[in-house]
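In what follows, a structure is listed as structure tokens, so that the remarks can point back to it.
Number of protein chains: 2
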Amino acid sequence: MSKNLKRLKTLLGEVADLRHIQSVLEWDQNVNMPPGGSEARGQQMATLGRIAHQKATSRQVGKLLEALKTEFPDPETDEGALVRVAARDYEKAARVPSSFVAKQAIVTTRAFEAWVEAKGKSDFSIFRPHLEKVVDLAQKYISFFPPADHPYDTLLDDYEPGMKTAEVQEIFNALRPRQVELIKAIISAKQVRDDFLYKKYNEQKVWEFGEAIITRFGYDWNCGRQDKAPHPFQTTFSVNDTRITNRFEENNPLATLFSAMHEAGHAMYEQGSNPAYERTPLAGGVSLAVHESQSRLWENLVGRSLPFWEYFFPKLKKAFPSKLEGVKLKQFYKAINKVQPSLIRVNADEATYNLHVMLRLELEIGMIEGKIAVKDLPEIWNAKMEEYLGVVPPNDAQGVLQDVHWSSGLMGYFSTYALGNLVSAQLWQKINEDIGDLEDRIRNGSFEALLAWLREKVHIHSRKYDPQELVQRVTGSKINADPYIRYLTEKYSAIYEL
Amino acid sequence: MSKNLKRLKTLLGEVADLRHIQSVLEWDQNVNMPPGGSEARGQQMATLGRIAHQKATSRQVGKLLEALKTEFPDPETDEGALVRVAARDYEKAARVPSSFVAKQAIVTTRAFEAWVEAKGKSDFSIFRPHLEKVVDLAQKYISFFPPADHPYDTLLDDYEPGMKTAEVQEIFNALRPRQVELIKAIISAKQVRDDFLYKKYNEQKVWEFGEAIITRFGYDWNCGRQDKAPHPFQTTFSVNDTRITNRFEENNPLATLFSAMHEAGHAMYEQGSNPAYERTPLAGGVSLAVHESQSRLWENLVGRSLPFWEYFFPKLKKAFPSKLEGVKLKQFYKAINKVQPSLIRVNADEATYNLHVMLRLELEIGMIEGKIAVKDLPEIWNAKMEEYLGVVPPNDAQGVLQDVHWSSGLMGYFSTYALGNLVSAQLWQKINEDIGDLEDRIRNGSFEALLAWLREKVHIHSRKYDPQELVQRVTGSKINADPYIRYLTEKYSAIYEL
């Protein structure tokens, strides 16, 4: 191996270790940490973040990368891709001072604790001063970079490399009227019955059913686990330790099943990353949109499909005979796909979900542009909810406080959820071309071929190709809304007899 | 504040953060980590250990310490104590190369996994090559230091600063015949009945009873938690995040209660550390013997006393009416104090416990001197068990594989368990002088005065005084066996009517 490359891999291997350790600390904070631990954890995260950042942006790494760009110019090779991705990571990180990274860690640790309390008490005023600091930090962050077409581009690029705010807006502008039109048609149609979904299901049994589903999907428990946390998420400590969290909501008990499928979708993507890329910048998922395409594919394209429940519904009935007594497969299928404009993004149906995302994107762009003040957020949130979805949150816990993202400093993130939906449908179309009997396989509870396809076409490439290039390679076109709108229209036309 | 001191505190604050993060990683490894995570965790520990070590031994720290020794010569002040302790830590750490620390982390991560498997299968051969590496590393470690009176001194000093192998041997040599004599007298006496301790107790209920006890002791759940792990232990991530682990053994269900008291004793010591010392070398417990004096005091002097069970036995009977039907308080008290030479150190009674420790000390000294080969360990273990306690393990899981310590690279550690027993009795004598009605308080389930005494006399000093100095200050004499032997003799003379 090239001496320079070997040296670079040693240095970036350390950075990868430190990043993974940060993930362990964050996971622990969400899953285990007693309240008293917060202050010290903030300092630990700050120290670790500062060291990781110093190591990721050391002059030595910069020099090696310069030399290696000449040594490995071909991005089709693993080495060339590694140098390209490492150089981009380096050039971005080097713009951000270590002191900023440390400050961000402290601010977001406190903001997270405040968010937990604020959400619990449904009191935005507890979270407000922390969110103001988070927004200030985001603007400060943008200032470290050369002016982009739009200041928000800088934030977006961290989650969706190469994607521009204008591109997202263009895709969303094309998508919004078509989705709104579909929702209108559905609302005018006869509504489906779903009362049986909201009975008192036993928490432990639901949890276990979710685990049985994702076990069948191929989630590798030898390299992962599922824990309770206030917000479902997936995290990676290595290709062989990718964990998920989940929750149980009394008032929406079966949501736990779909969250399990969703997070397992993320985790299986990480578990399928090329092990040869471990501890290098090529390891792991390439972007949030591609990540979300995996989670949504398993949650929705698979987990909310009729063939899937042909296999699992009899088992569900057996687990919950009294709750589902007299409920027919088709009724259940319609119920879990019921379209109803509602308050909580993560529980939103497929037809309305993207509108939740568009709302958040507009708020974030407004905050970054300085046109929306944090103090006005609850009011604007509620007004937009009414405008887009015709519903108004009765309190901030079910409104502006519902998502963990801002408390963790994640700004520029939300649009990738909707982009992921689009990619999931693009992939689904291609998968059905390649695996002719996919539906039959799902109907028989067999997911091996599907996972193998995703492993080969998507997972194994890790960060080697940029997201748009990967989608183009696999599906033949860049990210676009057509397959998703087609999928939604076909699915809901059948359910609602439009 | 002195500019130099401020700078030192910043640098050592980072080191403290990294050490606490190491503890988080280790805790996760024991409590949560899926098997697949092992390899990467080893690398993460190695990277973190290397960085922490580099930072702890940087030339900058060394120079600051030199300047500060002159600036703060009085060890009675907090600043003087900080400089003294920091300088000792520095001088020790600086002798050990970073590469060694990294290697040790990798070796012990693998050794731990191997130990878990070996213990599960009761197959020493799985653990043997790993333990050989651990012993090699311990010998290598010793070689970095100037020759001591005995090579083992170097290992011992890491856990019990200032203590010499010869001193421990002298204490143990005085103790052994008196303990052996007492055991002989007990064995000749009429044995007590304890069959009711080994019925099928409900795991969850036992777990909750243990938590109720330590809540009453004053363990602060806002700053801690209890989880399941293969081996009970306590770990500190900050003064406000001190966690304990525990286990449930079907064949010894109530051991869970005593483990909870034991680990909570450690944790309350850490929770009582001076918060002003946080992120400095003065934070936390001063030595393993003093630490063990706290855990054993709560587990044995309190938790195996008659007044304690006068309060808790009626509650225990209420929780387990069918298991304890017809059992009288005195019978129960005698049963939990039954003396019977047995196989497992952590479950050993107070009269025989120290002999388990002495055995391990001899084996460790033998391995370090090169007189005992790892391959011969199971055989020698079993022979010594027969010699000292008259029992022979039927398999290695209940013999040489029972303790986690060696798999984690902990050599030089075991004797502190016995020293801790001695200190616990020294403290107990003094506490009873200071709190005249202590027994009555315990009889009424009131532990506030006891905890307050420990907080004021022991906990708050953290690492300010060396262990022997602390024991001298608090009890009026250095570590010695007399109060412990007196305590044992009185207690067991009453129980066994000697």
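Note that the protein sequences, when read in sequence, are chains E and W. For the first sequence, our numbering gives the first residue as 7, with consecutive numbering after it. For the second sequence, our numbering gives the first residue as 7, with consecutive numbering after it. C-beta: ideal position from N, C-alpha, C; glycine also.
Would a check of beta-carbon distances place Q432 (chain E) closer than 8 Å to chain W? Closer than 8 Å: no.
Are M373 (chain E) and V113 (chain E) touching if we call contact CB-CB under 8 Å? Contact: no.
Burial state of N179 (chain E), where buried means 16 or more other Cβ atoms lie within 10 Å: The Cβ neighbour count for N179 (chain E), taken over all protein chains shown within 10 Å, is under 16; the residue is labelled exposed.
Along the chain, where does the alpha helix (DSSP H) that runs through K344 (chain E) open and close? Note, K344 (chain E): premise wrong, no alpha helix (DSSP H); not H, not E.
Following the continuous beta strand (DSSP E) through I485 (chain W), name the residue where it begins and the one where it ends. If you look at I485 (chain W), you'll find it isn't in any beta strand (DSSP E); DSSP assigns it neither H nor E.
Of all the options E:A270, E:A172, E:R310, which has the alpha carbon lying nearest to the alpha carbon of I220 (chain E)? In terms of CA proximity to I220 (chain E), E:A270 leads the group E:A270, E:A172, E:R310.
Beta-carbon gap between Y317 (chain E) and N438 (chain E) smaller than 8 Å: No, they are not a contact pair.
Give me the chain W residues within the contact set of V30 (chain E), using Cβ-Cβ distance strictly less than 7 Å, ordered along the chain. Within 7 Å Cβ-Cβ: V30, L31, D34.
Unbroken alpha helix (DSSP H) runs of length 4 or more, entirely within the region 201-289 of chain E: which are they? Entirely contained in the region 201-289 of chain E, the alpha helix (DSSP H) runs reaching 4 residues are, in chain order, 209-223, 261-277.
Taking any Cβ of chain E, which residues in the region 450-476 of chain W have a Cβ under 8 Å from it, in chain order? Using a CB distance below 8 Å, no part of the region 450-476 of chain W faces chain E.
I need the straight-line Cα distance from A99 (chain E) to S468 (chain E), nearest angstrom please. Looking at the two C-alpha atoms, the distance is approximately 20 Å.
List the residues of chain W whose Cβ lies closer than 9 Å to the Cβ of P327 (chain E), in chain order. Within chain W, no residue has its beta carbon less than 9 Å from that of P327 (chain E); the closest one is some 26 Å off.
Within 10 Å of its beta-carbon, does G216 (chain W) have 16 or more other beta-carbons around it, so buried, or fewer, so exposed? It is buried - the Cβ of G216 (chain W) has at least 16 other Cβ atoms within 10 Å.
What do you reckon, are the CB atoms on A93 (chain W) and L71 (chain W) nearer than 8 Å? Result yes, Cβ atoms of A93 (chain W) and L71 (chain W) sit closer than 8 Å.
Can you check whether the CB of A341 (chain W) is closer than 8 Å to the CB of R199 (chain W)? In contact: R199 (chain W) and A341 (chain W) (Cβ atoms closer than 8 Å).
Straight-line CA distance for H136 (chain E) to Y359 (chain E)? Taking the CA atoms as reference points, H136 (chain E) sits about 27 Å from Y359 (chain E).
At the level of alpha carbons, what is the spacing between F150 (chain W) and Y419 (chain W)? Each residue's alpha carbon lies about 19 Å from the other.
To the nearest whole angstrom, what separates the beta carbons of R249 (chain E) and T241 (chain E), a pair I think is in contact under 8 Å? Yes, R249 (chain E) and T241 (chain E) are in contact; Cβ-Cβ is about 6 Å, under 8 Å.
With N360 (chain E) as the anchor, note down where its alpha helix (DSSP H) starts and where it stops. Per DSSP, N360 (chain E) belongs to the alpha helix (DSSP H) from 356-375.
Within 10 angstroms of the Cβ of P400 (chain W), are there 16 or more other Cβ atoms? Answer buried if so, exposed if not. Residue burial is scored here from C-beta neighbours: P400 (chain W) has fewer than 16 other C-beta atoms within 10 angstroms and is therefore classed as exposed.
Tell whether a beta-carbon distance below 8 Å holds between P535 (chain W) and V245 (chain W). This structure leaves residue 535 (chain W) out entirely; chain W is present only between 7 and 504.
Nearest residue (CA-CA) to G48 (chain W), options W:D402, W:E503, W:Q110: It is W:Q110 whose Cα lies nearest to the Cα of G48 (chain W).
Per DSSP, what kind of secondary structure is Y419 (chain E) in: helix, strand or coil? Y419 (chain E) falls in the coil class under three-state DSSP.
So, A108 (chain E) versus G68 (chain E), is the Cβ gap smaller than 8 Å? In this structure, the beta-carbon distance from A108 (chain E) to G68 (chain E) does not fall below 8 Å.
Under 7 Å Cβ to Cβ from A124 (chain W), same chain only, skipping five residues before and after it: list those, please. These residues qualify, in order along the chain: F130, I132, F133, L407.
Taking CB distances under 8 Å as the criterion, tell me whether S279 (chain E) reaches chain W. Nearest CB-CB separation between S279 (chain E) and chain W: not below the 8 Å threshold.
Near V398 (chain W), what residues of its chain come up, given a Cβ to Cβ distance below 7 Å and the 5 sequence neighbours on each side ignored? Excluding positions up to five away in sequence, the list reads N388, M391, E392.
Give the secondary structure of E197 (chain E) by DSSP, where H, G and I count as helix, E and B as strand, and everything else as coil. The amino acid at residue 197 (chain E) is misidentified as Glu; the sequence shows Gln. Three-state DSSP puts Q197 (chain E) in coil, outside helix and strand.
In angstroms with no decimal places, state the Cα-to-Cα distance between E276 (chain E) and T286 (chain E). Taking the straight line joining both Cα atoms gives about 14 Å.
Taking only beta-carbon positions, decide if T171 (chain E) is within less than 8 Å of chain W. Residue contact check for T171 (chain E) against chain W: no CB pair falls below 8 Å.
Determine the DSSP secondary structure at F118 (chain E), reduced to helix, strand or coil. Collapsing the DSSP output to three states places F118 (chain E) in a helix.
Among E:S414, E:E454, E:P384, E:Q432, whose alpha-carbon lies nearest the alpha-carbon of L476 (chain E)? Just measuring C-alpha positions, the residue of E:S414, E:E454, E:P384, E:Q432 sitting nearest L476 (chain E) is E:Q432.
Less than 8 Å between the C-beta atoms of A273 (chain E) and V429 (chain E), yes or no? Cβ atoms of A273 (chain E) and V429 (chain E): not closer than 8 Å.
Beta carbon proximity, S64 (chain W) to chain E, threshold 8 Å: It does not: the Cβ of S64 (chain W) has no partner Cβ on chain E nearer than 8 Å.
Check this for me: beta carbons of T171 (chain E) and L162 (chain E), under 8 Å apart or not? Taking 8 Å as the Cβ cut-off, T171 (chain E) and L162 (chain E) qualify as a contacting pair.
Short check: CB of Y502 (chain W) to CB of A117 (chain W), under 8 Å? No, the pair does not count as a contact, with Cβ atoms beyond the cut-off.
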